[in-house]
Amino acid sequence: MTRENFEEFPAEALSKGIDPCGEYGEYHTLVAGLKEIKVDLKPVKIEISKNNMNYVLIDVLEKS
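The numbering of the sequence shown is my numbering, which starts it at 350 and goes up by one.
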């Protein structure tokens, strides 16, 4: 996923009810730290759980 206005994307997506990390689970990889990405990610907390089909779910949440 690339966008010229990447810096504005998270707020724009959230304002439309869209998960900027991938429609509530469709993305399986989060890439950060590339030179092309000039936005610092905020510190996050990780929550790991399993659902009823025994899939491992990893939530990457903004640290409060």
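Ideal placement from N, C-alpha and C gives every residue a C-beta, glycine not left out. Fair warning: this is a prediction, and the values are worked out from it, not measured in the lab.
Local conformation of residue i per DSSP, three classes
i: M350; result: Confidence is the limiting factor: at M350 the pLDDT is only 49, short of 50, which leaves the residue's position unreliable and the question unanswerable from this model.
i: L363; result: helix
i: E356; result: helix
i: I407; result: strand
i: I386; result: coil
i: K412; result: coil
Option nearest residue i by Cα separation, candidates the options
i: V409; options: K399, K394 and N400; result: K394
i: K321; options: M402, V405, L406 and E396; result: Since the first and last residues shown for the chain are 350 and 413, residue 321 lies out of range.
Residue i burial status per 10 Å Cβ neighbour count (16 or more: buried)
i: L363; result: exposed
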